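To start, the structure itself, in structure tokens.
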Amino acid sequence: AQSVTQLDSQVPVFEEAPVELRCNYSSSVSVYLFWYVQYPNQGLQLLLKYLSGSTLVKGINGFEAEFNKSQTSFHLRKPSVHISDTAEYFCAVISGGYQKVTFGTGTKLQVIP
Amino acid sequence: DVKVTQSSRYLVKRTGEKVFLECVQDMDHENMFWYRQDPGLGLRLIYFSYDVKMKEKGDIPEGYSVSREKKERFSLILESASTNQTSMYLCASRLKGPYEQYFGPGTRLTVT
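The listed protein sequences correspond, in order, to chains W and F.
Numbering of the first sequence is given in the numbering used here, commencing with residue 1 and proceeding in unit increments.
Numbering of the second sequence is given in the numbering used here, commencing with residue 1001 and proceeding in unit increments.
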């Protein structure tokens, strides 16, 4: 069975500081990994995805993530955050038969002016 | 532009009522999903449909049923609403395969 762990439920960070949001997964087969962002009172939208190829993936709004197979991690990073990045971020994994998507419990990023 | 729409943004229902939540996508996607989102629990899958008239239970199907008679429409039904079904409900769709999902704006359901 696959699972996703986002250990940090909330991450406060000052504006223009770097941030890392952690995501670890467990799966015994090949995985496909995603980060989604949810702004207040909205649905989720895709930030970036890893399907295959380069382990460093760049997404929208200056975010990037690195797939680390040995660490079973897919941490999200941004070198300098902006107030508008305040949102909740979800890591998700698909494995095996492609049908089931498993989401982490989310990390709320609070950017402090 | 890709679009997933949900019939209501906010809904208030009484205990015991039958509730219908509708989701429509305009992208010709095979797969459609219903999730509920609760603080601290993330997104939990209720049901998904991998094609028309096909459905599969997710992690928390109890108290819910679904219907998919047309490719673009996926309905979630609460047969007899209860207060513990007060939640945010999110619909999503995607192409068949390991691809990203596209989400609707959500329906915040309150059962009193």
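C-beta: ideal position from N, C-alpha, C; glycine also.
Since this is a predicted model, take the numbers as computed values, not measurements.
- Taking a cut-off of 8 Å on C-beta distances, the segment 19 to 26 of chain W touches the segment 64 to 84 of chain W, as three or more cross pairs fall below it.
- When the alpha-carbon of Leu-44/W is set against those of Val-4/W, Ala-92/W and Gly-53/W, the nearest one is in Ala-92/W.
- The bridge partners DSSP lists for Tyr-39/W come to none.
- The CB of Pro-1061/F never comes closer than 8 Å to any CB in chain W; the least such distance is about 13 Å.
- Rounded to the nearest angstrom, the gap between the Cα atoms of Gln-2/W and Gly-104/W is 11 Å.
- When secondary structure is reduced to three states using DSSP, Gly-62/W falls in the helix class.
- In the structure shown, Ser-84/W adopts helical secondary structure according to DSSP, grouped into three states.
- Between Glu-88/W and Thr-107/W a beta carbon distance of about 7 Å is seen, short of the 8 Å cut, so the two are scored as contacting.
- Looking from the CA of Ile-83/W, the closest CA among Lys-49/W, Leu-48/W, Ser-54/W and Leu-109/W belongs to Leu-109/W.
- Taking 9 Å as the Cβ-Cβ cut-off, the segment 39 to 58 of chain W approaches chain F at Asn-41, Gln-42, Gly-43, Leu-44, Gln-45, Leu-46, Lys-49 and Leu-51, given in chain order.
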